[in-house]
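> This is the structure I want to talk about, given as structure tokens.
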Amino acid sequence: MKVLEVSDLSAGYGDVEILKSINLYVNEGEIVAIFGSNGSGKSTFLKVVAGLLKPWGGTIKFYDHNIEELPPQERVKRGIALAAEGRQLFLGMSVEENLLMGGWLRRKEIKDNLEKVYSYFPQLREKRKTLAGDLSGGQQQMLSIGRALMAKPKLLMIDELSLGLAPAVVDRLAEVLKSIRDKEGISILLVEQEVSLALDISERSYVFDLGEIVEEGPSPELKRRDSIRKTYLSVG
Amino acid sequence: MGKLEKASVGFLILLGLLPILLELLGEGIPKGYILRILSSALMLSSLALAQNVLLGYTGYPAFGSVAFFGIGGYTSAILSKNFEVPLWFSISLGGVMASVVAFLIAPVLMRLKSHYFAIATLALQLALGEMVANLEFTGGTDGINLPIYRGFMEDYIFYFLFLSLAVFSFGVNLYVDRSVFGYALKAIREDEVAAESTGVNTVLFKSYSFSIMAFITGLCGGIYAFWITYIDPVSMFDPLLSVKLFVALLLGGVGTVAGPLWGAFGLELVSEIVWSEFTQIHGVVLGLLIVLAVLFLPRGLAGVRR
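Sequence order for the protein chains is A and B. Take the first sequence: its letter number 86 is residue 85 in numbering that gives the first Met the number 0, and every next letter is one higher. Take the second sequence: its letter number 191 is residue 190 in numbering that gives the first Met the number 0, and every next letter is one higher.
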């Protein structure tokens with residue numbers, strides 16, 4: 000079953016076209032990675048799927064329903080959550096307040112969801128009264144993912160998981176993400192600049208370049224592909 | 000509830016009991032003068048607390064919020080003059096009118112942010128002032144004379160109306176500070192895109208916040224109109240009132256529940272003393288005090304207690 004199916008999607012800012020005819024899908028329970036150079040349109044793509052930027056053309060289907068005309072809050076309600084680039088936390092609010100905001104549309108189940116997030120990220124429970132702005136980079140990333148999980152999503156989109164984090168922290172986060180997928184059955188769409196990480200954590204990957212998909216396929220296979228090894232893994 | 004908030008509640012209760020004291024003390028004290036100063040301070044508190052909902056919790060500085068003071072004042076004055084509706088009813092409708100106007104224009108106006116938004120609201124205030132000055136049913140530049148209130152508790156009625164409004168505004172701020180509704184506003188203040196991506200209908204919540212500000216400011220305008228019994232475009236759309244309420248808010252502490260109340264009383268008290276002691280140069284002295292306050296109390300009086 001396809002959770003997300005994007006066909007012929009184009010989008011941009013002002014007159015500048017950033018995404019050109021993107022075709023991409025995510026299956027239920029799958030981790031899919033998008034990688035590519037700076038300015039290739041990865042983050043823009045997530046913004047369009049989240050409803051924060053209007054597409055110029057094409058369709059976005061979520062569980063077979065077209066959602067490209069829906070406002071962001073309606074997409075969150077249907078099960079799309081975004082942990083945005085730069086984490087976009089509410090820095091002047093506490094950890095717990097940030098998480099509660101994440102559960103804005105699921106206020107009835109908020110206590111259960113909060114417990115669940117704390118069970119995945121025990122550090123957040125310890126720091127629940129701390130201002131988000133006073134957290135370390137790793138903790139902020141946990142909070143960003145935790146806040147997205149509070150919406151009880153079916154598709155979790157994460158923009159730049161490893162940005163500014165130590166490798167050990169990234170590895171731990173990657174483990175947690177896999178266990179979230181296994182236990183909750185959530186599909187994950189990951190945008191990542193660290194290509195080896197993206198290929199290790201995901202089942203399938205897409206390579207973006209100048210707003211187009213230039214390569215795609217199962218991640219283990221892409222890892223062996225010469226073009227990927229030369230351009231993105233600095234091998235050979 | 001924090002210490003400063005508890006102190007504020009105590010202070011408001013004391014203000015409620017004050018008239019009993021004034022009556023007991025009898026003729027010897029300047030009752031009218033005391034009530035006038037306190038009413039002004041309570042009015043400024045309400046305006047600052049109203050602005051605090053918008054600027055302090057939602058992050059939008061409506062520098063021209065006095066536009067709604069004018070709308071409230073003129074609505075109640077026109078209603079009272081032409082339809083002889085009771086005082087409380089015309090004042091309430093003034094508040095309702097101000098909040099309805101705010102709710103309708105918010106989706107357009109609040110596409111702008113920070114100083115652009117501030118300037119746009121100021122433009123609204125000045126444009127409305129000009130409009131009112133050129134319309135017949137608003138009395139044009141001649142303004143409107145209102146009947147002097149005679150009746151139940153006539154010495155204290157406006158003091159109690161301003162006090163009730165200040166208590167209501169304080170309660171609204173307390174609610175916004177603690178409630179889920181307030182979380183949504185704070186989320187917008189912190190990062191509007193992130194708030195939207197967590198599912199908050201930001202346009203709607205910004206409109207709510209703007210309307211709450213306008214409602215309180217409009218009620219304030221209505222009470223003020225009946226208090227001074229004469230309104231004209233200059234006094235009801237006065238940019239200096241905007242400046243004063245912002246100074247009170249900054250002095251007290253933006254985004255705190257108790258700050259605006261103390262800021263307003265502090266400013267009113269200081270400006271009254273400065274006015275009586277330094278008649279010639281009171282503007283200079285007051286300006287200097289404001290500069291010092293900004294330098295040494297960057298987070299306002301409420302910030303000192305943190």
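We put the beta carbon where it would ideally sit given N, CA and C, even for glycine.
Using the C-alpha atoms, what's the distance from M42 (chain B) back to A224 (chain B)?
Numbered from its first residue, the second sequence carries residue 224 (chain B) at position 225. Numbered from its first residue, the second sequence carries residue 42 (chain B) at position 43. Near 12 Å, if we compare the C-alpha coordinates of M42 (chain B) and A224 (chain B).
> So what's A131 (chain A) in DSSP terms, helix, strand or just coil?
The residue labelled residue 131 (chain A) in the question sits at position 132 within the first sequence. The answer is helix: DSSP assigns A131 (chain A) an H, G or I state.
> What are the start and end residues of each continuous beta strand (DSSP E) run of 3 or more residues lying completely inside the stretch 119–182 of chain A, in chain order?
154–158
> Under 8 Å between the Cβ atoms of A83 (chain A) and D199 (chain A)?
Translated into the one-based positions of the first sequence, residue 83 (chain A) becomes position 84. Translated into the one-based positions of the first sequence, residue 199 (chain A) becomes position 200. No.
> G63 (chain B) to A40 (chain B), Cα distance in whole Å?
Walking along the second sequence from the start, residue 63 (chain B) turns up at place 64. Walking along the second sequence from the start, residue 40 (chain B) turns up at place 41. Each residue's Cα considered, the two are about 20 Å apart.
> Tell me the residue span of the beta strand (DSSP E) that contains T58 (chain A).
Reading the first sequence from its first residue, position 59 is the one you call residue 58 (chain A). It spans G56 to F61 - the beta strand (DSSP E) in which T58 (chain A) sits, taken as one unbroken run.
> Beta carbon of P71 (chain A), beta carbon of A10 (chain A): below 8 Å?
Position 72 of the first sequence, counted from the start, is the residue given in the question as residue 71 (chain A). Position 11 of the first sequence, counted from the start, is the residue given in the question as residue 10 (chain A). Result no, Cβ atoms of P71 (chain A) and A10 (chain A) do not sit closer than 8 Å.
> By the 10 Å Cβ neighbour count, where 16 or more other Cβ atoms means buried, how is Y32 (chain B) classified, buried or exposed?
Here residue 32 (chain B) corresponds to residue number 33 of the second sequence, with the count starting at 1. Classification of Y32 (chain B): exposed, given that the 10 Å Cβ count is below 16.
> Using a beta-carbon distance below 8 Å, is N133 (chain B) in contact with chain A?
Translated into the one-based positions of the second sequence, residue 133 (chain B) becomes position 134. No, its Cβ sits nowhere closer than 8 Å to a Cβ of chain A.
> Along the chain, which unbroken stretches of the beta strand (DSSP E) at least 3 residues long are found entirely within the stretch 105–132 of chain B?
none
> Rounding to the nearest angstrom, what Cα-Cα distance links V52 (chain B) and F214 (chain B) in this structure?
Along the second sequence, read from residue 1 onward, the residue named residue 52 (chain B) stands at position 53. Along the second sequence, read from residue 1 onward, the residue named residue 214 (chain B) stands at position 215. When rounded, the distance between both Cα atoms is 11 Å.
> Against S64 (chain B), what residues of chain A qualify as contacts under a CB-to-CB distance less than 9 Å, listed in chain order?
Counting from one through the second sequence, the residue named residue 64 (chain B) turns up at place 65. Within 9 Å Cβ-Cβ: nothing; S64 (chain B) doesn't reach chain A, min ~23 Å.
> Use the C-beta contact count for K243 (chain B): other C-beta atoms within 10 angstroms, 16 or more gives buried, fewer gives exposed.
Taking the second sequence and counting its residues from 1, the one referred to as residue 243 (chain B) is at position 244. Burial call: buried.
> Is the beta carbon of L88 (chain A) less than 8 Å from the beta carbon of L98 (chain A)?
As a working mapping, residue 88 (chain A) is identified with position 89 in the first sequence. As a working mapping, residue 98 (chain A) is identified with position 99 in the first sequence. Result no, Cβ atoms of L88 (chain A) and L98 (chain A) do not sit closer than 8 Å.
> Can you tell me which of the three DSSP states R203 (chain A) falls into?
Locating residue 203 (chain A) in the first sequence gives position 204, counting from the first residue. The DSSP-derived three-state label of R203 (chain A) is strand.
> What would DSSP say about Y56 (chain B), mapped onto helix, strand or coil?
Taking the first residue of the second sequence as position 1, residue 56 (chain B) is located at position 57. Y56 (chain B) falls in the helix class under three-state DSSP.
> Would you call the stretch 189–203 of chain A in contact with the stretch 17–33 of chain A, where contact means no fewer than 3 C-beta pairs closer than 8 Å?
yes
> With a threshold of 8 Å, are at least 3 pairs of Cβ atoms found where one atom belongs to the stretch 45–61 of chain A and the other to the stretch 118–126 of chain A?
no
> When the distance is taken between beta carbons, is G71 (chain B) closer than 8 Å to G170 (chain B)?
Within the second sequence, residue 170 (chain B) is the residue found at index 171, counting from 1. Within the second sequence, residue 71 (chain B) is the residue found at index 72, counting from 1. No, the pair does not count as a contact, with Cβ atoms beyond the cut-off.
> Given a cut-off of 8 Å, decide if V5 (chain A) and L188 (chain A) are closer than it, judged by their beta-carbon atoms.
In the first sequence, counting from the first residue as 1, residue 188 (chain A) sits at position 189. In the first sequence, counting from the first residue as 1, residue 5 (chain A) sits at position 6. Not a contact, by the Cβ cut-off of 8 Å.
> Between A193 (chain B) and chain A, is there a C-beta pair that is closer than 8 Å?
Counted from its first residue, the second sequence places residue 193 (chain B) at position 194. Yes, contact with chain A.
> Going by C-alpha distance, which of B:I272, B:V284 and B:V246 is nearest W261 (chain B)?
What you label residue 261 (chain B) is simply residue 262 of the second sequence in a count that begins at 1. When each option's Cα is compared against that of W261 (chain B), the closest is B:V246.
> Check whether the stretch 151–169 of chain B touches the stretch 96–114 of chain B, counting contact only when three or more Cβ pairs, one atom from each stretch, lie closer than 8 Å.
Taking 8 Å as the limit for Cβ pairs, the verdict is that the stretch 96–114 of chain B does not touch the stretch 151–169 of chain B.
> Determine the extent of the alpha helix (DSSP H) in which D225 (chain A) is found, giving its start and end residues.
Position 226 of the first sequence holds residue 225 (chain A). D225 to Y231 is the extent of the alpha helix (DSSP H) around D225 (chain A).
> For P115 (chain B), does the count of other Cβ atoms within 10 angstroms reach 16, so buried, or fall short, so exposed?
Here residue 115 (chain B) refers to the residue found at position 116 of the second sequence. Checking the sequence shown, residue 115 (chain B) turns out to be Tyr, not Pro. With fewer than 16 Cβ atoms within 10 Å of its Cβ, Y115 (chain B) is classed as exposed.
> For G184 (chain A), count neighbouring Cβ atoms within 10 angstroms of its own Cβ and tell me buried if that reaches 16, exposed if not.
Taking the first residue of the first sequence as position 1, residue 184 (chain A) is located at position 185. By the neighbour-count criterion, in which 16 or more other beta carbons inside 10 Å mark a residue as buried, G184 (chain A) falls on the exposed side.
> State yes or no: is the beta carbon of K76 (chain A) nearer than 8 Å to at least one beta carbon in chain B?
Reading the first sequence from its first residue, position 77 is the one you call residue 76 (chain A). For K76 (chain A), the answer is yes, since a Cβ of chain B falls inside 8 Å of its Cβ.
> Strictly under 8 Å for the Cβ-Cβ distance: is G72 (chain B) near chain A by that measure?
Residue 72 (chain B) sits at position 73 when you count from the first residue of the second sequence. Output row for G72 (chain B): interface = no.
> Along chain B, in chain order, which residues have C-beta atoms closer than 8 Å to that of R146 (chain A)?
Along the first sequence, read from residue 1 onward, the residue named residue 146 (chain A) stands at position 147. Ordered by position in chain B, the residues that pass the 8 Å Cβ test against R146 (chain A) are T197.
> Taking only beta-carbon atoms, is N200 (chain B) less than 8 Å away from chain A?
Walking along the second sequence from the start, residue 200 (chain B) turns up at place 201. Judged by the 8 Å Cβ criterion, N200 (chain B) is in contact with chain A.
> Would you list the one or two residues that DSSP bridges to L189 (chain A)?
The residue labelled residue 189 (chain A) in the question sits at position 190 within the first sequence. The partner list for L189 (chain A) (beta bridge, DSSP) reads A:A32 and A:I157.
> For the beta strand (DSSP E) containing L18 (chain A), name the first residue and the last one.
Taking the first residue of the first sequence as position 1, residue 18 (chain A) is located at position 19. L18 (chain A) -> beta strand (DSSP E) spans V15 to N26.
> At the 8 Å Cβ level, is E271 (chain B) part of the contact set with chain A, yes or no?
Counting from 1 along the second sequence, the entry for residue 271 (chain B) is found at position 272. No, E271 (chain B) lies away from the interface with chain A (no Cβ there is under 8 Å from its Cβ).
> Count Cβ pairs between the stretch 141–148 of chain B and the stretch 170–189 of chain B that sit closer than 8 Å; are there 3 or more?
Judged by Cβ distances under 8 Å, the stretch 141–148 of chain B makes no contact with the stretch 170–189 of chain B, as fewer than three pairs qualify.
> Give a yes or no on whether the C-beta atoms belonging to I36 (chain B) and E271 (chain B) are separated by under 8 Å.
Counted from its first residue, the second sequence places residue 36 (chain B) at position 37. Counted from its first residue, the second sequence places residue 271 (chain B) at position 272. Yes, these two residues count as a Cβ contact at 8 Å.
> Would you list the residues sitting across from H64 (chain A) in a DSSP beta bridge?
Residue mapping note: residue 64 (chain A) aligns to position 65 of the first sequence, counting from 1. A:F61.
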